[in-house]
Amino acid sequence: MLRFFLKRLGLAALVAFTVSLISFSLLFLAGDPAIALAGEGATDADIEAVRIQYGFDRPVLEQYGGWLGNALTGDFGDSYYFKTPVIHLVAEKIPITMTLGLCAISFAILLSIPLGVLAAVKPNSLIDRFALFLSVIGQAMPSFWFGLILIVIFAVNLGWVPVSGSDSWRHFILPTVVLGYYATPAIMRLTRAGMLEVLRADYIRTARAKGIRPGKVLFKHALRNAVIPVVGLTAVQLGFMLGGSVIIESIFALNGAGFLAFESISRNDFPTVQALILIFSLIYVLLTLLADLLNAWLDPRIREA
Amino acid sequence: MKRKLLSFTLASLMTVTVVPVFAGASDNSLTVAFARELESLDAYMNTDRDGITLARHIWDGLVYRDQKTGEYVGNLATGWSWIDNTTLEFKLRKGVVFHNGEAFNADDVVATMNFVAKPENGVKTQRNVAWIAGAEKVDDFTVRVLLKEPFPAALEYLAGPVVIYPDEYFAKAGTKGMGITPVGTGPYKVTGHEPGKRIDLVRYEGYHADSPKGRPSIEKITWRIIPEANTQFAELVSGGVEWIWQVPADQAERFSSLGNFTVTNESTMRIGYLGFDASDRYGETPLDDVRVRRAIAHAIDRQGMVKSLLKGASIVVNSACFPSQFGCELDVPTYEFDPGKARALLAEAGYPDGFEIPFYAYRDRSYAEAMMANLSGVGITPSLTYLKYAALRDKVQNGEVPFLFMTWGSYSINDVSAITSAFFRGGKDDYAHDPEVIEWLTEADSITDPAKRKELYSKALKKIADQVYWLPLFSYNTNYIYNADLDFTPTPDEIPRFFSASWK
Amino acid sequence: MNAQTVDTAENTGPSQSAQMRRRIFRHFGLLIGGGILIAIVLGALLAGALAPHDPYAQDLANRFADPVWKEAGSWEYILGTDHLGRDYLSRLLYGARISLLIGLVTALISGVIGTIMGVSAGYFGGKVDAVVMFLITVRLSMPVVLVALAVVALFGGSLLVVVTVLGLLLWDRFAVVMRSSTMQIRGLDYVTSAKALGCSTLRILLTEIMPNVLNNLIVIVTLEMAHAIILEAALSFLGLGVQPPLPSWGLMISEGKNMLLFEPWLITIPGVALFALIFAINMLGDGIRDVTAPENRN
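Protein chains in written order, with my numbering: chain A, 561 to 865; chain B, 31 to 534; chain C, 53 to 350.
If you want it as structure tokens, here you go:
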């Protein structure tokens, strides 16, 4: 187990390193952030001063080396735009994105696993078709369109929830539904498929034949096994959600890390973008690592493989 | 009472009504929405128009420009006089107190001026302070502001972006502290700040009674940051905010037909322009030929765009400046919309079948599209690249852009040095590099005699228009939309003044 | 070389294809998806003939003309006009071309990258597999939307940039699926016998492996097409998609969203079109999977 863990951890570190290298070289192509830094009214002299002050005249590898060295100690440099340490900015904004992500994934799980199980228990029934319908809609609905429609109906016309902001739990309802719905189809399909497979398996038939209550068979025996691949998928989906919450955050004025990343891209705020891409990928890597460990714990066969 | 405020049809199936919640009037508070998060609340450390607006509420300048008369009146100063070309002496107002209880005197002015004058202190918009050499205290309520060289627009800057900080607090808090918990003498003080979400402003009860800004009426202002325009509209309709601005003409028209909102339109100093590579910085293009540039000027239906797209207080602009700016010569060669003439000029220049040209823009995509349609009408095929401002300005300054549509707001500085000189004095934004124009502008920027300045700017602007180094397009306007019960007056300098607003 | 496959195909051919036909026509989703997709593709191909107006022709005096079902609507502009007075129906038809093109080209680029990586990983295993798996993990851990936004912001939004960026980002699913499918058939008799007969690796890959992973490939192509189209729409929504005046559906949605509260049909029309397209492609993909490999049905 320890060896498995260490191996995965090493891989995770290597992945994060590669991602940072890729994003650094990518953003380096952005050319000269000095102009963005200096602002609209800046004169040539202002821009030149900024350029030298920040060391944009140094070679790429030198800049990357310096950045990586500092990043390892948690120092991502200062934001060009806010002039404050990037790490503070991220610490300020990431709770909103995390809250949104966790709410959304909980919503997705609560909606999709029961539906997936029910759909598998009664294939081709009305509930199966309903689940299929929901998942097909979810796959095809652009989230920004869905979000705007929900705002117009539930916030503007019905006035049930606030339009935007993040002051109370009520502000998170709509964004949670929009972002969570996005992850629902995949989880539901996998749950249904896993359940179908497990329900056909010998040991379930045996358990049924032995007269164990159907509910117990379903939840104790079947779901536990069917859920193993779902754990991994859920982790992956959560990772995608956090990195993809830009649009939701922008529509609902949530101002979390996703929106910060988008705004920083527009402002050529290089250190902030760089740090956020790295942090999002680290979160993803850690989530999958966690899922692997959880799976190994749920299913001992994985450990030996 | 249910009022049918807005009907929304989803695929024209559904119609619903809304009851707006207007909380503001009852407790004398106001919630306003702005699109962008400020990098810092410190007035000298952000470059944003929203930041300029905020600064006017928290701080005061030595002088103030009366929006009705256009005259400078005293604010923190009660009088001033030029000692010589580069020395401006101010008599300061007595009895003014900062939000934190610190008394205002000459030390505050000296400390502020000496701080912002040093480039290493990193004032973001250097243009605002680059002319200041420093300040000297004469006595507790007399101070001399020293200029590096004669600078005719000094009062304009002292009435606007150059605000006075409390020296003791600033010495302790520094730029960082000021950016989080600002302290000024202005009509409102900051009581809460959640970066990127909201700024809470409360009326400053100790605001000096003689201020030309007047005593504010509204007690509490909640300044919300809402980036998506649609979200702002939805908040306005559902009562979550009571004031928004920078609303495009189409939506503003629809709002005014709803009845519950006041929609006002006010001109701004921002103008749009087409820029051409006339000096081969990009390389050889058909745009090198003045006849081609004139053809483009005839091809664009600026009047049509103003009428159908910009609307409101916008006007067609012919000179490379905003008409109200000092030195803005309006009597320059003009080019009316005439596709036939455009085609003839193109044929004369040797392009009877037109040509293809890269075209860059960073905002108002629909305006760019409208102009592209005009150009293709005379055979020119622009291929558009749409970039974020920072990325486009970078390319422009590197000489990589032959043809562009951009805008310039002059920082609301009412003097052509803030626009014409910024683009035609030979800097990195200058694609004309006309030695004559450079010479005239350089001289005009450094003398104080108004008549002589006017004459030089006039020569430069006439040549720019004649050679079509720029095709100035139109001035921008902005629409303010707010609760019909709010008394609010927009001003042409594009700085909302909530301290003069009140509930009816 | 692939005598065995040919042999079995010949022996069971007629009944298999008949079975297949029956499956196709009994598969509701496949028919619906295929039907909608064919309609959209036809609309796109025949846009020149079907469109009542020039999709680029502006008429600033006739902006936001109502569609025909509203009171002020007319048959002249069936779906009304947009913010520059251009005929919405014509733009929708031409927009189908752009959106389909984005989907197809992206799927092609990412398909080539992903298939090469996946098939070599699955076939060669060992170190090749380890490297490919590592690259897949790296790719998956990169936030797609952010990276795409950053690149498009940098190079400017154009069809070429968008398609290239998405193509370079969306190959992961191809690689994963091709890898596992190749692994499944790598050990099968006809592959090992081809190896024993001394066929070149390239030849084995092309003639033995590829035809047998094709079904899975087609399914992924459909999924990734849908994915690319929706991502382009998202980029357009944030103001960084294809360049105007090209009428991609994503761009139309992003232009229409400005009038969401007042002229909702402007966003509803391209929104519904986009929804229908994604829906159709997904149904088709699911259908193909069900029909070609019914045992994998879930």
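Virtual Cβ for every residue (Gly too), placed ideally from N, Cα, C.
Problem - Cβ-based contacts, 8 angstroms cut-off: residues of the segment 240-269 of chain B near chain C - result: Ala259, Asn260, Phe263, Ala264 and Val267
Exercise for the section: For chain C, find out if any of its Cβ atoms is closer than 8 angstroms to the Cβ of A/Ser826; answer yes or no. Expected result: Cβ-Cβ to chain C under 8 angstroms: yes for A/Ser826.
Practice task
Report the partner residues of B/Arg174 according to the DSSP bridge assignment.
Solution key: B/Glu119 and B/Glu166
Exercise for the section: Have a look at B/Asp523, B/Ser532 and B/Phe528 and flag the residue whose alpha-carbon is nearest the alpha-carbon of B/Lys98. Expected result: Answer by Cα proximity: B/Asp523.
Practice task
For the segment 631-647 of chain A and the segment 715-722 of chain A, state whether three or more C-beta atom pairs, one from each stretch, are separated by less than 8 angstroms.
Solution key: no
Problem - alpha helix (DSSP H) segments (min. 4 residues) lying fully within the segment 231-306 of chain B - result: Entirely contained in the segment 231-306 of chain B, the alpha helix (DSSP H) runs reaching 4 residues are, in chain order, 259-268 and 279-286.
Handout entry: Presumed contact (8 angstroms Cβ cut-off) between B/Glu272 and B/Tyr419, rounded CB distance
Key = Between B/Tyr419 and B/Glu272 the Cβ distance is about 30 angstroms, and since that is not below 8 angstroms, they are no contact.
Handout entry: Proximal residues of chain C, C-beta to C-beta of A/Ile807 below 8 angstroms
Key = Val197, Ala286, Phe289 and Leu290
Handout entry: Start and end residues, alpha helix (DSSP H) containing B/Glu359
Key = First-last for B/Glu359: undefined, no H or E at that position.
Exercise for the section: Would you please verify whether the beta carbon of A/Tyr844 is less than 8 angstroms from any beta carbon of chain C? Expected result: Residue-level contact check: A/Tyr844 touches chain C, since one or more beta carbons of chain C fall below 8 angstroms from its beta carbon.
Handout entry: Rounded separation between B/Val48 and B/Ala264 - CA only
Key = A caution first: B/Val48 carries a pLDDT of 42, below 50, which makes its placement in the model too unreliable to give a value.
Handout entry: Minimum Cβ-Cβ distance from A/Phe584 to chain C less than 8 angstroms
Key = no
Handout entry: Residues of the segment 417-451 of chain B whose Cβ lies closer than 8 angstroms to any Cβ of chain C, in chain order
Key = Leu417, Lys418 and Ala421
Handout entry: Listed by chain order, chain C residues near B/Leu339 by CB distance under 9 angstroms
Key = Leu112, Arg115, His135 and Leu136
Practice task
Using a Cβ cut-off of 8 angstroms (strictly closer), state whether C/Lys179 contacts chain B.
Solution key: No - not a single Cβ of chain B is within 8 angstroms of the one on C/Lys179.
Problem - Per-residue contacts from B/Gly334 into chain C (C-beta, under 8 angstroms) - result: Leu112
Handout entry: chain B contacts from the segment 135-156 of chain C (Cβ-Cβ distance under 7 angstroms)
Key = His135 and Leu136
Exercise for the section: Mark A/Pro831 as exposed unless 16 or more other C-beta atoms lie within 10 angstroms of its C-beta, in which case mark it buried. Expected result: buried
Handout entry: Cβ neighbour criterion (16 or more within 10 Å) applied to C/Phe77
Key = exposed
Problem - Residue range of the beta strand (DSSP E) that includes C/Trp223 - result: First-last for C/Trp223: undefined, no H or E at that position.
Exercise for the section: Would you mind stating whether A/Ser703 and A/Ile808 have Cβ atoms separated by less than 8 angstroms? Expected result: yes
Practice task
Just the chain B side, please: which residues come within less than 8 angstroms of A/Ala609 by C-beta, in chain order?
Solution key: Pro149
Handout entry: Minimum Cβ-Cβ distance from B/Ser42 to chain C less than 8 angstroms
Key = With a pLDDT of only 34 at B/Ser42, under 50, the local geometry of the prediction cannot be trusted, and no value is derived from it.
Problem - CB contact check: A/Tyr742 to chain B, cutoff 8 angstroms - result: Not closer than 8 angstroms to any Cβ of chain B, the Cβ of A/Tyr742 fails to qualify, so no.
Exercise for the section: Please confirm if the segment 709-717 of chain A is in contact with the segment 766-776 of chain A, defined as three or more CB-CB distances below 8 angstroms between the two stretches. Expected result: Contact fails: fewer than three Cβ-Cβ distances are below 8 angstroms.
Handout entry: Of the listed residues A/Arg827, A/Ser824, A/Met801 and A/Phe840, nearest to A/Leu662 (C-alpha basis)
Key = A/Met801
Practice task
Within the same chain, show all residues whose beta-carbon is closer than 7 angstroms to that of C/Thr57, passing over the 5 residues directly before and after it, in chain order.
Solution key: Low local confidence applies: a pLDDT of 39 at C/Thr57 is under 50, so the model's placement there is unreliable, with the coordinate-based value given in what follows. Cβ neighbours of C/Thr57 beyond the five flanking positions: Tyr242.
Exercise for the section: Have a look at the DSSP bridge pairing and note the partners of B/Gly109. Expected result: B/Lys121
Handout entry: Segment limits, alpha helix (DSSP H) that includes B/Trp161
Key = Note, B/Trp161: premise wrong, no alpha helix (DSSP H); not H, not E.
Exercise for the section: Spell out whether any CB of chain A is found under 8 angstroms from the CB atom of B/Lys178. Expected result: no
Practice task
Please list the partners that C/Asn334 has in chain B, where partner means a Cβ-to-Cβ separation under 8 angstroms.
Solution key: For C/Asn334, there are no neighbours in chain B by C-beta distance under 8 angstroms, as the nearest C-beta there is about 21 angstroms away.
Problem - 7 angstroms Cβ cut-off: residues of chain C touching A/Thr578 - result: One finds Val190 in chain C with Cβ atoms closer than 7 angstroms to the Cβ of A/Thr578, taken in chain order.
Problem - Interface positions of the segment 162-179 of chain C facing chain B (Cβ-Cβ less than 8 angstroms), listed along the chain - result: none
Problem - Supposed contact pair B/Pro196 and B/Val213 - C-beta distance, whole angstroms, cut 8 angstroms - result: Right, the Cβ-Cβ distance comes to about 6 angstroms (below 8 angstroms), so this counts as a contact.
Practice task
Classify B/Lys206 as helix, strand or coil using the three-state DSSP reduction.
Solution key: helix
Practice task
Could you tell me whether the Cβ of A/Asp638 comes closer than 8 angstroms to any Cβ of chain B?
Solution key: False, the Cβ-Cβ gap to chain B never drops below 8 angstroms.
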